[in-house]
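Every letter in the sequence shown is one number past the one before it in the working numbering, and letter 383, counting from 1, is 389.
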Amino acid sequence: LQIADIRITPIAISDPPLLNSVGLHAPYALRLITEIVSDDGIVGISEIPGGVKNETGLRQAAAFFDGHDPFDFNRLTAILDGAFTAADDKRGTNPWDQRLKKHVMSALEVACYDLIGKATGKRVAELLGGVVRERVPYAGYLFFKYAGAGGALGFGMDADATGWPAARQREAVTPEGIVAQAEALIDAYGFPSLKLKGGALDPEIEVGAMEALHKRFGPKMPLRFDPNAVWTMETALAAGKRMKGFLEYYEDPVRGQAAMAEVGKALGIPMATNMCTTSFDDLPESIRLHSEDVILSDHHFWGGFRPCLALAALCRVFGRGLSMHSNSHLGVSLMAMTHLAAATPNLTYDLDTHYPWQSEEIAAGGAIRFDEGHVRLPDAPGLGVELDPVQLASLHRQYLMAGLQERDDETEMRKLHPEFRAALVRY
Ligand code: GKR
Ligand code: MG
Numbered sequence: 007l008q009i010a011d012i013r014i015t016p017i018a019i020s021d022p023p024l025l026n027s028v029g030l031h032a033p034y035a036l037r038l039i040t041e042i043v044s045d046d047g048i049v050g051i052s053e054i055p056g057g058v059k060n061e062t063g064l065r066q067a068a069a070f071f072d073g074h075d076p077f078d079f080n081r082l083t084a085i086l087d088g089a090f091t092a093a094d095d096k097r098g099t100n101p102w103d104q105r106l107k108k109h110v111m112s113a114l115e116v117a118c119y120d121l122i123g124k125a126t127g128k129r130v131a132e133l134l135g136g137v138v139r140e141r142v143p144y145a146g147y148l149f150f151k152y153a154g155a156g157g158a159l160g161f162g163m164d165a166d167a168t169g170w171p172a173a174r175q176r177e178a179v180t181p182e183g184i185v186a187q188a189e190a191l192i193d194a195y196g197f198p199s200l201k202l203k204g205g206a207l208d209p210e211i212e213v214g215a216m217e218a219l220h221k222r223f224g225p226k227m228p229l230r231f232d233p234n235a236v237w238t239m240e241t242a243l244a245a246g247k248r249m250k251g252f253l254e255y256y257e258d259p260v261r262g263q264a265a266m267a268e269v270g271k272a273l274g275i276p277m278a279t280n281m282c283t284t285s286f287d288d289l290p291e292s293i294r295l296h297s298e299d300v301i302l303s304d305h306h307f308w309g310g311f312r313p314c315l316a317l318a319a320l321c322r323v324f325g326r327g328l329s330m331h332s333n334s335h336l337g338v339s340l341m342a343m344t345h346l347a348a349a350t351p352n353l354t355y356d357l358d359t360h361y362p363w364q365s366e367e368i369a370a371g372g373a374i375r376f377d378e379g380h381v382r383l384p385d386a387p388g389l390g391v392e393l394d395p396v397q398l399a400s401l402h403r404q405y406l407m408a409g410l411q412e413r414d415d416e417t418e419m420r421k422l423h424p425e426f427r428a429a430l431v432r433y
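What follows is the structure, given as structure tokens:
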């Protein structure tokens, strides 16, 4: 089995105006679809966050893999280690990770696994060590947001939508709005736990929303809260005291490992991160300080499945919990997350997913189904998902039309509020 061709397609997917600590989601989120074609015509696929930087890096790296053996992951890593510098591997201060090399590794590694699975008749989770769960649980991801559908409608509403497709367009900037959003999301997907993205509005509103969720859904509903590290120590401690009785975990209330350790020690509740411990280099200090109890892995940000399995092993050794992070994504990423979770014995928390916020799909057969908040591992080999070429072409045209280069939530917010500035500490 040899790699004969690598096709890369940038796409833009409609994304509603969600709020976060650094601004506002643009009407479109960018993704990159990679197809690795073998010499006998089998195609392995993957999906990563888009943008010109990732696309250029991925195209440059892809050029090295003509004739490469897709089973040779050590060589894949060595080639990418040689192709990128340390400067290409800076996470940045945004809620999401911006390391080029990790994204490129993920795109190629995941597509190779899909290819190998299809060539050998094995599901990816079987290749990753074996299936420990056939159904993978996800958490409902709640956002403060402005009214609107995103995409061509922008802040406009699709008047024909009903159920969750209508609810996801409604404004939610109050505790009542968040409870209504959660009710509609659970009605449609049956999620067994909820996460609220914070750091966007006054902490009084955000903590009020968490208290309202607890009141509405009761003690059996695990609740997580994540202000993406823009709170001061004082705000984090005061808010943490109010939420202590019902938080499943407290995700990145403050910035940096030392501050996270301080909050965890003062409150005595599980702390979680996808911002302060985000690479193997961060682990020694994380263990020394005990900066968090739960690490959110993400195969797009850690460089693929194999690094995430290595992270899982380290979490087991050092007694840390393991959860999974998400950004706006489609079904190929969702299935990759599902296979990884299905093969990770100690991934004991429901995974984050933005999936319900998206209204388009490139997977043949349309939107992936959730059953009581779970995604079932497909029986088909590889990731168990194929591309719909018509949808892929349509979302590529949408990319060309959208004219976006990179994700930039701050700029998007300034179009509405020119005085807005993303800051390391906001409240
Ligand atoms: O999509 O606005 C967003 C989120 O804030 C996302 O970018 C974060 O990376 O969901 C993420 C998180 O858990 O920090
Ligand atoms: Mg987070």
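Glycine is no exception: its CB is placed at the ideal position from the N, C-alpha and C atoms.
Practice prompt. Return yes when at least one heavy atom of the ligand MG lies under 8 Å from the C-beta of residue 288, else no.
Written response: Numbered from its first residue, the sequence shown carries residue 288 at position 282. Residue 288 Cβ: outside cutoff for every heavy atom of the ligand MG.
Worksheet item: Can you tell me where the alpha helix (DSSP H) with residue 354 in it begins and where it stops?
Response: Taking the first residue of the sequence shown as 1, we reach residue 354 at position 348. Neither: residue 354 is in no alpha helix (DSSP H) and is coded neither H nor E.
Worksheet item: Do the region 388–401 and the region 41–53 make contact, defined as three or more Cβ pairs closer than 8 Å?
Response: Touching, per the Cβ criterion.
Worksheet item: In terms of DSSP beta bridges, what is residue 231 paired with?
Response: Counting from one through the sequence shown, the residue named residue 231 turns up at place 225. Per the DSSP secondary-structure output, residue 231 pairs in a beta bridge with 202, 256.
Discussion item. With a threshold of 8 Å (Cβ to nearest heavy atom), would residue 257 be considered close to the ligand MG?
Written reply: The residue you call residue 257 lines up with position 251 of the sequence shown. Yes, the beta carbon of residue 257 sits closer than 8 Å to at least one heavy atom of the ligand MG.
Worksheet item: If residue 143 sits next to residue 327, beta carbons under 8 Å apart, how far is it from one beta carbon to the other, in whole angstroms?
Response: Along the sequence shown, one-based indexing puts residue 143 at 137. Along the sequence shown, one-based indexing puts residue 327 at 321. Your pair residue 143 and residue 327 does not check out as a contact, with CB atoms roughly 14 Å apart and the cut at 8 Å.
Worksheet entry | Inter-stretch contact (C-beta, 8 Å, three-pair minimum) for the region 405–424 and the region 18–34 | Flag = yes, the region 405–424 and the region 18–34 touch.
Fill in: Segment limits, beta strand (DSSP E) that includes residue 380
As a working note, residue 380 is residue 374 in the sequence shown. 380–382 is the extent of the beta strand (DSSP E) around residue 380.
Item to complete: Taking only heavy atoms of the ligand GKR into account, decide whether any of them is closer than 8 Å to the Cβ of residue 232.
Response: The residue you call residue 232 lines up with position 226 of the sequence shown. Correct: residue 232 has its Cβ closer than 8 Å to the ligand GKR.
Discussion item. To the nearest angstrom, how far is the alpha carbon of residue 161 from that of residue 367?
Written reply: The residue labelled residue 161 in the question sits at position 155 within the sequence shown. The residue labelled residue 367 in the question sits at position 361 within the sequence shown. If you take the alpha carbons of residue 161 and residue 367, they lie about 21 Å apart.
Worksheet item: Taking the continuous beta strand (DSSP E) assigned at residue 34, which residues delimit it?
Response: The residue labelled residue 34 in the question sits at position 28 within the sequence shown. From DSSP, the beta strand (DSSP E) with residue 34 extends over 34–44.
Discussion item. Can you determine whether any heavy atom of the ligand GKR sits closer than 8 Å to the C-beta of residue 436, and answer yes or no?
Written reply: No information on residue 436 is available, as it lies outside the stretch 7 to 433 that the chain covers here.
Worksheet item: Which first and last residues belong to the beta strand (DSSP E) in which residue 195 is found?
Response: Mapped onto the sequence shown, residue 195 falls at position 189. Unbroken run through residue 195 is the alpha helix (DSSP H), 181–195; no beta strand (DSSP E).
Fill in: 4-residue-minimum alpha helix (DSSP H) runs that sit fully inside the region 76–163, ordered along the chain
Whole alpha helix (DSSP H) segments, 4+ residues: 79–89, 106–126, 130–133.
Worksheet item: When every heavy atom of the ligand GKR is checked, does at least one fall within less than 8 Å of the C-beta of residue 306?
Response: In the sequence shown, residue 306 corresponds to position 300, counting from 1. Residue 306 Cβ: outside cutoff for every heavy atom of the ligand GKR.
Practice prompt. Would you mind sorting residue 280 into buried or exposed? The rule is 16 or more other CB atoms within 10 Å of its CB.
Written response: Counted from its first residue, the sequence shown places residue 280 at position 274. Buried, by the Cβ-count rule.
Discussion item. Between which two residues does the alpha helix (DSSP H) holding residue 395 run?
Written reply: The residue labelled residue 395 in the question sits at position 389 within the sequence shown. Looking at the DSSP string, the run of the alpha helix (DSSP H) that includes residue 395 is 395–408.
Worksheet item: Of the residues 238, 272, 288, 255, which one's Cα is nearest the Cα of residue 431?
Response: As a working mapping, residue 431 is identified with position 425 in the sequence shown. Of the candidates 238, 272, 288, 255, the one whose C-alpha sits nearest the C-alpha of residue 431 is 238.
Discussion item. Let me check one thing: in DSSP terms, what residues is residue 20 bridge-paired to?
Written reply: As a position in the sequence shown, residue 20 is number 14, starting the count at 1. Residue 20 has 34 as its beta-bridge partners, per DSSP.
Fill in: Which residues DSSP lists as bridging residue 278, in chain order
The count along the sequence shown starts at 1 and reaches residue 278 at position 272. Answer by DSSP bridge pairing, in chain order: 257, 300.
Worksheet item: My guess is that residue 330 and residue 298 are in contact by the Cβ rule of under 8 Å, so how many angstroms apart are they, rounded?
Response: Mapped onto the sequence shown, residue 330 falls at position 324. Mapped onto the sequence shown, residue 298 falls at position 292. Actually they are not in contact, since the Cβ atoms of residue 330 and residue 298 sit about 14 Å apart, beyond 8 Å.
Worksheet item: Between residue 129 and residue 385, is the Cβ-Cβ spacing less than 9 Å?
Response: Taking the sequence shown and counting its residues from 1, one reaches residue 129 at position 123. Taking the sequence shown and counting its residues from 1, one reaches residue 385 at position 379. For residue 129 and residue 385, yes; Cβs fall inside 9 Å.
Fill in: Opening and closing residue of the beta strand (DSSP E) in which residue 339 lies
Translated into the one-based positions of the sequence shown, residue 339 becomes position 333. Per DSSP, residue 339 lies in no beta strand (DSSP E) segment; the continuous alpha helix (DSSP H) that holds it begins and ends at 337–348.
Discussion item. As a quick exercise: from 272, 271, 303, pick the residue whose alpha carbon is nearest that of residue 283.
Written reply: Taking the first residue of the sequence shown as 1, we reach residue 283 at position 277. Its Cα nearest to that of residue 283, the residue 303 stands out among 272, 271, 303.
Discussion item. Looking at the ligand MG, does it come within less than 8 Å of residue 280, judged from the CB to the closest heavy atom?
Written reply: Position 274 of the sequence shown, counting from 1, holds the residue named residue 280. Under cutoff, so the answer is yes.
Discussion item. Which residue marks the beginning of the beta strand (DSSP E) containing residue 49, and which one marks its end?
Written reply: Within the sequence shown, the letter at position 43 stands for residue 49. Per DSSP, the unbroken beta strand (DSSP E) holding residue 49 starts and ends at 49–55.
Worksheet item: Going by Cα to Cα distance, which pick from 388, 338, 350 is closest to residue 371?
Response: Position 365 of the sequence shown holds residue 371. Nearest option by C-alpha distance: 338.
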